[in-house]
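These protein sequence lines are chains X and A, in that order. Mind the numbering: the first sequence is residues 1 to 481 in full-length UniProt numbering, read in order. Mind the numbering: the second sequence is residues 1 to 481 in full-length UniProt numbering, read in order. Everything below concerns the one structure shown next.
There are 2 protein chains.
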Amino acid sequence: MPQLGLLHWRAWTVLLGQLRRPPGAVCIRAVRSHSQVAEALFASQLKPDQEKSNFIIKTPKGTRDLSPQQMVVREKILDVVVSCFKRHGAKGLDTPAFELKEVLTEKYGEDCGLIYDLQDQGGELLSLRYDLTYPSSLTYLCEVPFARYLAMNKVKKMKRYHVGKVWRRESPTIVQGRYREFYQCDFDIAGQFDPMIPDAECLKIMCEILSGLQLGDFLIKMSWKDVRHEMVVKKGLAPEVADRIGDYVQCHGGISLVEQMFQDPVLSQNKQALEGLGDLKLLFEYLTLFGVAEKVSFDLSLARGLDYYTGVIYEAVLLQTPVHAEEEPLNVGSVAAGGRYDGLVGMFDPRGHKVPCVGLSIGVERIFSIVEQRMKIFGEKIRTTETQVFVATPQKNFLQERLKLIAELWDAGIKAELMYKNNPKLLPQLHYCENMGIPLVVIIGEQELKEGVIKLRSVASREEVAIKRENLVAEIQKRLS
Amino acid sequence: MPQLGLLHWRAWTVLLGQLRRPPGAVCIRAVRSHSQVAEALFASQLKPDQEKSNFIIKTPKGTRDLSPQQMVVREKILDVVVSCFKRHGAKGLDTPAFELKEVLTEKYGEDCGLIYDLQDQGGELLSLRYDLTYPSSLTYLCEVPFARYLAMNKVKKMKRYHVGKVWRRESPTIVQGRYREFYQCDFDIAGQFDPMIPDAECLKIMCEILSGLQLGDFLIKMSWKDVRHEMVVKKGLAPEVADRIGDYVQCHGGISLVEQMFQDPVLSQNKQALEGLGDLKLLFEYLTLFGVAEKVSFDLSLARGLDYYTGVIYEAVLLQTPVHAEEEPLNVGSVAAGGRYDGLVGMFDPRGHKVPCVGLSIGVERIFSIVEQRMKIFGEKIRTTETQVFVATPQKNFLQERLKLIAELWDAGIKAELMYKNNPKLLPQLHYCENMGIPLVVIIGEQELKEGVIKLRSVASREEVAIKRENLVAEIQKRLS
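In structure tokens form, the structure reads like this:
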């Protein structure tokens, strides 16, 4: 059975590029982020001769520090994404941040101009990785760590995920919402398998991740134009027959649309059309079994701007509307993309042996912006630490007892903090717990020491109970479980 | 009370540098790793005109891909390290992979030569971060993302951890065990606090991590030479009195040694010596309360090669002996380092306001090598996936049932795989489970379908039980919990 999905790897890279480079709608958020990495001016005494000089301390253009709050958001997103990849049996893989430039660009006479090159300091010419898996949207081949890994190690079959930073020297500035350093989360299935099974799994994964991230309603759109090109150029379908299919496709739709096409008087008489539709039907059958068929739809509009590309690509778009009328509308846009790129690995192979690949990429930066914006709207407070217990005292000269106590908690695996002060006052200690969202306080003072107990206080209810010193760890573990 | 530990940030950076750049002893492992990233030669058809050209596909010098097996090892290590950092209430932080070169090196007329510079492609001059927190051992100031973050955001107090890649253009090659790209795990406490409390916590953290990683026995050594310098130069102690202390220190020892010094007829008469010893005693008191005093020792030998450095630094060394006589001796070396660097942040501040800092850094690469070597010795098998259930069939035409079943498992959060084949044979499916260490197999065939049951097979015991289809997920979750 011919594979409709067996298309060129270039097919969906434009989309990936667009996905990771959000349009104007992201400006507002980007400006906000920018203020977080506000450029501070400092004069300094750094020169060995103590000579003062003025200089700017900032992060490079298009990059930012991630604050503890932002780190929590990113960790939550990556956790959902990676858990899903692992649920589907993927192995982890990591590649260096830079690759040989001469192998990946110069030898092929092309350079997309968006690659960060490392300076020639003697030795190899290197470039920062532009992508974990897929070539750029603007050049024939930029950086292809996954394909390089497969070819280099002669791996013919692999289900792997890769989470890491990539870098792109885009000219638009950070104010336009375009970062030059960002995270990429890729999942790919390499290998020759029965048609449409891995493809359907990739679409299922996209759905699981987007549901898991609770970004609201979403839809995965497949580009009809790519399907048509595949049918006509690769499968030899008459253009007019393909266009007949196109009439259906422009209706937007999933499995029911495919069924409808099978009934069409023209299409049902055409062998090639039936073959192509057969693959499409197969994919939707699998998606139905996976319970995600309603989430996948053809869409002609997706083909805009992809004139010179071939191959079926898909992207996931959010369909959210604001929850409250007074809310700013959330940026409804592309948050994931994927597709087949069967030709890429073969390019690295001396005999051109192909390793068919299908995969997807999650647009972490855009999702990050959406989640961050939503948290702001809902005033959600983010805990930047995971501390479970604070060790406090109302009295002077209790540092030693506090240190002994906290070491007990740490050794029992309990996340605990104390104030680095010999004689702290009680109120600031309790305030700190409230501010940081620490649920429990352990209080030790003279009375408690004498009686061999510890006071355990719930920060939320302000209730305090005395607990025998030897039962403290068990009691805390019980409360935390 | 004066702080013995309040020393210059440069104090322990040599040690960090040495720690991350293992000596000759690491050669054997490094050669092994090198074979894993063996250079493969390929001819290719990458040029758009399909013209053939020969080229080498490899990773850049001093870098490597991390295979799925290696990823599992690294993840385990990072998990122990980060869990400990979180247990101590640290917040996460991330900084860009590169920093402005002009701010960090050129303006100060120094460049350690080990920094990867990015090519001048117009715009800012950039360099890859050399370190997450600390300046290099060979230059006055290379890259200092944490200090830059504190100064830029005017943060005066912060307990943070940072895990990320850093890059060093070292000339020795990978064959000598020196990677140019590696992971760094830093924990630091910035802020003005009562003396020795955060310092003691850093030492406690080192102990927890090394115990948690089960690397065998270890010892944290403090350099006496640095302590002496601090006492003489900064506290104005007469050199002969300091040397008197040194006599003790060369004995190697912890709290008992400090106690002994307090009894010394010369030292007990000297006010400054008593002050200095007081701080030292305080630190050991806290370490005793934390239950780690026996793990910390002074050691004169540590001062070797640190002639021009000031400040107390400490490093953790492994004391392992082989478990079996026939074993290769494991590399016993430095796996973590830390200390005070109170001057660094102030350098970025226009008025020179200091933010005292104390921290530690875990030598992930060396620990990685040790864990990897140990796993090889013990023939430990590493699972590269976390798959819990495999969905199999002994019969033809059961793809649809398998797909429906596996979607149910995925949706219930169960990690599951199947073969991407329409009609796989049973034996290869079971073999795959054995090879991959998948504990459970769910089998569906005609008989099961008819009876509304599913066979659940334990891979280890090969026992099979029939379970009602509707109870399957619950039964699997019970078995997995």
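We treat Cβ as the ideally placed atom computed from N, Cα and C, and that holds for glycine.
Would you mind sorting residue i into buried or exposed? The rule is 16 or more other CB atoms within 10 Å of its CB.
i                      : result
X:R340                 : buried
X:R479                 : exposed
A:V175                 : Low confidence applies here, because A:V175 scores a pLDDT of 46, under 50, leaving its location unreliable; read the following figure in that light. The residue in question, A:V175, is exposed, as its Cβ has fewer than 16 Cβ neighbours within 10 Å.
A:K268                 : Residue 268 of chain A is actually Ser in this sequence, not Lys. When all chains shown are included, A:S268 counts as exposed.
X:S481                 : exposed
A:F151                 : Looking at the sequence itself, residue 151 of chain A is Ala, so the reference to Phe does not match. The residue is buried, with at least 16 neighbouring Cβ atoms inside 10 Å.
X:H88                  : buried
X:E401                 : buried
X:K58                  : buried
A:A200                 : buried
X:F378                 : exposed
X:L306                 : Because the pLDDT at X:L306 is just 32, under 50, the model does not fix this residue reliably, and the value given afterwards should be weighed accordingly. By the 10 Å Cβ count, X:L306 comes out buried.
A:D342                 : buried
X:Q70                  : buried
X:I56                  : exposed
X:D79                  : exposed
X:K91                  : buried
A:H162                 : buried
residue 509 of chain A : A question about residue 509 of chain A goes unanswered here, because the residues of chain A that appear run from 1 up to 481.
A:E315                 : buried
X:Q447                 : exposed
X:S33                  : The pLDDT assigned to X:S33 is 27, lower than 50, so where the model puts this residue is not dependable, and the model offers no usable value.
A:S461                 : exposed
X:A273                 : buried
A:G276                 : buried
X:D49                  : With a pLDDT of only 36 at X:D49, under 50, the local geometry of the prediction cannot be trusted, and the value read off the model is given with reservation. Burial call: exposed.
Of the choices the options, whose alpha-carbon is the least far from that of residue i?
i      : options                        : result
A:I362 : A:Q119, A:G212, A:T384, A:I438 : A:G212
A:M375 : A:D131, A:T393, A:L215         : A:L215
A:L156 : A:F146, A:V163, A:K165         : The identity of residue 156 of chain A in the sequence shown is Lys, whereas the question assumes Leu. Among A:F146, A:V163, A:K165, the Cα nearest to that of A:K156 belongs to A:F146.
X:E386 : X:S67, X:V72, X:V241           : X:V72
A:V166 : A:K154, A:F182, A:A151, A:M152 : A:F182
A:E124 : X:V81, X:P60, X:G92, X:L118    : X:P60
A:A97  : X:Y149, X:R462, X:H162, X:G62  : X:G62
A:G346 : A:Q192, A:R160, A:E451         : A:Q192
X:M436 : X:E417, X:G452, X:A293         : X:E417
X:P457 : X:E448, X:P439, X:I115         : Contrary to the premise, residue 457 of chain X reads as Arg rather than Pro in this sequence. Cα-wise, what sits closest to X:R457 is X:P439.
X:S369 : X:G236, X:S334, X:P356, X:A460 : X:S334
X:K468 : X:L405, X:V292, X:E275, X:K101 : X:L405
X:P68  : X:D264, X:Q429, X:K450, X:E372 : X:E372
X:V430 : X:C84, X:N270, X:V391, X:G122  : The sequence given here places Leu at residue 430 of chain X; Val does not occur at that position. Ranking X:C84, X:N270, X:V391, X:G122 by Cα distance to X:L430 puts X:V391 first.
X:Y420 : A:M158, A:R148, A:N153         : A:M158
X:A412 : X:S297, X:V389, X:I454, X:G278 : X:V389
A:G426 : A:R366, A:F262, A:F398         : The residue you asked about is not Gly; residue 426 of chain A is Leu in the sequence shown. Measuring from the Cα of A:L426, the nearest candidate turns out to be A:F398.
Round the Cβ separation of residue i and residue j to the nearest angstrom and send it over; I've been treating them as touching at under 8 Å.
i      : j      : result
A:L360 : A:M206 : 6 Å
X:A242 : X:V232 : 5 Å
A:E99  : A:R129 : 6 Å
X:K221 : X:V317 : 6 Å
X:L472 : A:Y286 : About 21 Å; that fails the 8 Å criterion.
X:F218 : A:A407 : Actually they do not touch by this definition, with Cβ atoms about 18 Å apart.
A:T393 : A:I443 : 7 Å
A:M338 : A:C202 : With the sequence shown as reference, residue 338 of chain A is identified as Gly, and Met is not the correct amino acid for it. The pair is a contact, with the Cβ atoms about 5 Å apart (cut-off 8 Å).
X:D94  : A:D65  : 7 Å
X:R168 : X:L114 : 5 Å
*Note down, one range per segment and in chain order, each beta strand (DSSP E) of at least 3 residues found wholly within the region 392–477 of chain A.*
440–443, 453–458, 464–468
_Within 9 Å of chain X by C-beta, residues of the region 70–82 of chain A in sequence order_ = Q70, M71, V72, R74, E75
*Listed in chain order, which residues of the region 269–299 of chain X have Cβ atoms closer than 7 Å to some Cβ of chain A?*
Y286, L289, F290, G291
*Where in the region 195–226 of chain A do unbroken runs of the alpha helix (DSSP H), each at least 4 residues long, occur, reported from the N-terminal end onward?*
197–212
*Which residues, in order along the region 112–128 of chain X, keep a beta-carbon less than 7 Å from a beta-carbon of chain A?*
Y116, D117, L118, Q119, Q121, G123, E124, L126
*Would you list, in sequence order, the uninterrupted alpha helix (DSSP H) runs of no fewer than 4 residues that lie entirely inside the region 74–128 of chain X?*
101–104
*Contact set between the region 415–432 of chain X and chain A, restricted to residues whose Cβ is under 8 Å from the partner*: K415, A416, E417, Y420, K421, N422
*Between the region 366–394 of chain X and chain A, which residues of the former have CB atoms less than 8 Å from a CB of the latter, in chain order?*
T384, T385, E386, T387
*Note down, in chain order, all residues in the region 144–161 of chain X with a beta-carbon under 9 Å from any beta-carbon belonging to chain A.*
P145, R148, Y149, A151, M152, N153, K154, M158, K159, R160
_the region 54–66 of chain X: positions lying closer than 8 Å to chain A by Cβ_ = F55, I56, I57, K58, T59, P60, K61, T63, R64, D65, L66
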